[in-house]
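Numbering (our numbering), first residue to last: 168 to 730. Every residue gets a Cβ at the ideal spot worked out from N, C-alpha and C, and that includes glycine. Treat the numbers as computed from the prediction; the structure is a model and nothing was measured. Input: a single structure, listed below in structure tokens.
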RNA sequence: UGUCUUAUGGUGUAAUGGUAGCACUGCAGUUUCUGGAUCUGCCUGUCUAAGUUCGAAUCUUAGUAAGACAACCA
């Protein structure tokens, strides 16, 4: 799990980096660069968070700044320590280390004191109206709000009531603290936003029942940034309208030239994917997936289990960039990024996922030869290994056709193919079962065509992967496809469960892999020749090898066969 | 009948007043002890209209379209 040696590529300049460089040039904040990644510990991280993480930590790294992890834990109703731990593991797995770890709850006292200060200045008041009434008085986007009857209550009364709010004697919803700004503002967030509400029914995961009044996001987030010395507070586009309020709160309290700056970027939208926490939770709870780390889930845990490397995720984030345009990113680009990254490192192994037996009739019975084969043609340092070859082997059913069309360069009656790393063989016959399916293929081999021998250079059109029948390990292979069958499930008006792709998981139990895979470690990734990238599932055991398909190779023929 | 933001090939993203480039997809080809990978080529784009300028994707105005905002969520 711990993986701190991941290489994180330097991104090309984006508009946020341009802002950062301008701020540096202008000498702002004494040339200091500080960011933060501020998750609320109320769920698991997904690939959308990975985008934010790459930006927050990446900016700090590229500009000799620091990036802190801060849990935005101001709402105990939704938060849990379970998520705090999982979030940290996922960030580390992505290859990042935070300088400090903070919690918004660390600032509860400071925030409280500043709120008192604001009340004393007459800029905040206690409202005792119901949530419904307050909402009604906010007006609408086109109609100005009306002022609360409590808006002008005396400072002393406000102070006394604010203290009351934190005693536990005040019922939830009975009173709130509001900033006194402008009920007629064209920005809804300026219409006397709530700063504090009472929550006494849930313990906070860190402070227990110490506090009964909790700060709201708009107040707590900006001030937390300010307390920590954040210079660039990066968040997603939907917080754009919050920025004036963010700045307003900063203005109330700042006492030097330093000020944090909020910059918004586009969140990640992936085709064929839902990333809403609510929907992901539903998928898990209703058993539509096996859990938060189901290989089909867009969670960091799911991607990890599926065989995505941290490097491949960085590669993807690097490709999609950061802009202010609400984009729909093609899942195909993610898959491309994964292939590109895994291609450099994945060990090539022989595996046959839809086997048919092939007997080499002129090969001595009982003879076994160890054939040398390269681990990775892209990387010489990966070395070679030996695989056993014998009279009876398995090949892919798709690699043999009785009536082969002209462009079919694999095996067919009277045709020759190269067995990868071994001999050239010629098909001399086959047998079919009662359904007409081929049950066994007969070949003869040419002993002088063994790989590496002088006579081996004879050209044949096709090369097939294979495993020795008596040496192969039986394995279970799980093929994954996109979870949803529509391009933009989030925008589809139908219930998202109706949009699930019924073929998103296909389990193959009659698969054979070469014996070297017995020593594979959990999550190790491999390229199965001409099939795709796979990794060993954590639930595997020596008795039952389970491989997850990370992504298929971009071979239209193979793709068709795998469906 | 509001405020804020955005608009570049099918998709994503560069070009910060000076030749519209890159990647993905698609198509065609090359090559290989697998048709993958590699390599090569091709296709397709500045939302509309006015203005400023020697020159506009870029600046201005208007229009059009899209997104965000009216949680005691973050």
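In DSSP terms, what residue i is bridged to
i           : result
residue 523 : 562
residue 382 : 363
residue 555 : 537
residue 673 : 646
residue 610 : 527 and 594
residue 630 : 585
residue 203 : 235
residue 431 : 402
residue 221 : Looking at the DSSP assignment, residue 221 forms no beta bridge with any residue, so it has no partner.
residue 692 : 702
residue 294 : 343
residue 641 : 679
residue 213 : 466
Start-to-end residues for the beta strand (DSSP E) that takes in residue i
i           : result
residue 325 : Unbroken run through residue 325 is the alpha helix (DSSP H), 322 to 332; no beta strand (DSSP E).
residue 537 : 536 to 541
residue 712 : 712 to 719
residue 270 : 268 to 270
Length of the line joining the Cα atoms of residue i and residue j
i           : j           : result
residue 349 : residue 359 : 6 Å
residue 726 : residue 646 : Reliability fails at residue 726, whose pLDDT of 35 lies under 50, so the model's placement of it is uncertain and the value that follows must be treated cautiously. Answer to the nearest angstrom: the Cα atoms are 11 Å apart.
residue 405 : residue 510 : 37 Å
residue 723 : residue 463 : Any reading at residue 723 must be qualified, since the residue scores a pLDDT of 49, below 50, and its modelled position is unreliable; no value is offered.
residue 276 : residue 304 : 30 Å
residue 636 : residue 590 : 16 Å
residue 663 : residue 446 : 8 Å
residue 244 : residue 487 : 35 Å
residue 543 : residue 694 : 9 Å
residue 496 : residue 434 : 10 Å
residue 706 : residue 193 : 54 Å
residue 296 : residue 412 : 23 Å
residue 479 : residue 584 : 35 Å
residue 376 : residue 334 : 10 Å
residue 522 : residue 264 : 46 Å
residue 202 : residue 196 : 13 Å
residue 613 : residue 570 : 24 Å
residue 655 : residue 673 : 23 Å
residue 198 : residue 272 : 29 Å
residue 720 : residue 697 : 7 Å
residue 594 : residue 682 : 26 Å
residue 270 : residue 438 : 34 Å
residue 169 : residue 250 : With a pLDDT of 37 at residue 169, under the threshold of 50, the modelled position of that residue is not reliable, and the figure given next carries that caveat. Each residue's Cα considered, the two are about 17 Å apart.
residue 213 : residue 256 : 13 Å
residue 417 : residue 394 : 10 Å
residue 426 : residue 492 : 26 Å
residue 481 : residue 452 : 30 Å
residue 340 : residue 460 : 37 Å
Beta-carbon spacing of residue i, residue j below 8 Å
i           : j           : result
residue 325 : residue 301 : no
residue 597 : residue 621 : no
residue 329 : residue 293 : yes
residue 390 : residue 236 : no
residue 639 : residue 679 : yes
residue 362 : residue 346 : yes
residue 220 : residue 399 : no
residue 206 : residue 268 : no
residue 634 : residue 561 : yes
residue 607 : residue 527 : no
residue 455 : residue 666 : no
residue 242 : residue 386 : no
residue 351 : residue 312 : yes
residue 649 : residue 671 : yes
Integer Cβ distance of residue i from residue j, believed to fall under 8 Å
i           : j           : result
residue 631 : residue 684 : 19 Å between Cβ atoms; not a contact.
residue 700 : residue 458 : Residue 700 to residue 458, Cβ: 22 Å. No contact.
residue 261 : residue 217 : 6 Å
residue 703 : residue 643 : No, residue 703 and residue 643 are not in contact; Cβ-Cβ is about 11 Å, not under 8 Å.
residue 578 : residue 432 : About 52 Å separates the two Cβ atoms, so there is no contact after all.
residue 436 : residue 494 : 6 Å
residue 476 : residue 692 : 7 Å
residue 441 : residue 588 : 43 Å between Cβ atoms; not a contact.
Boundaries of the alpha helix (DSSP H) in which residue i is found, first to last residue
i           : result
residue 282 : 275 to 287
residue 473 : 467 to 473
residue 251 : 248 to 260
residue 451 : 444 to 452
residue 516 : Run containing residue 516: none in the alpha helix (DSSP H); it sits in the beta strand (DSSP E), 514 to 516.
residue 186 : 182 to 192
residue 486 : 477 to 487
residue 414 : 410 to 420
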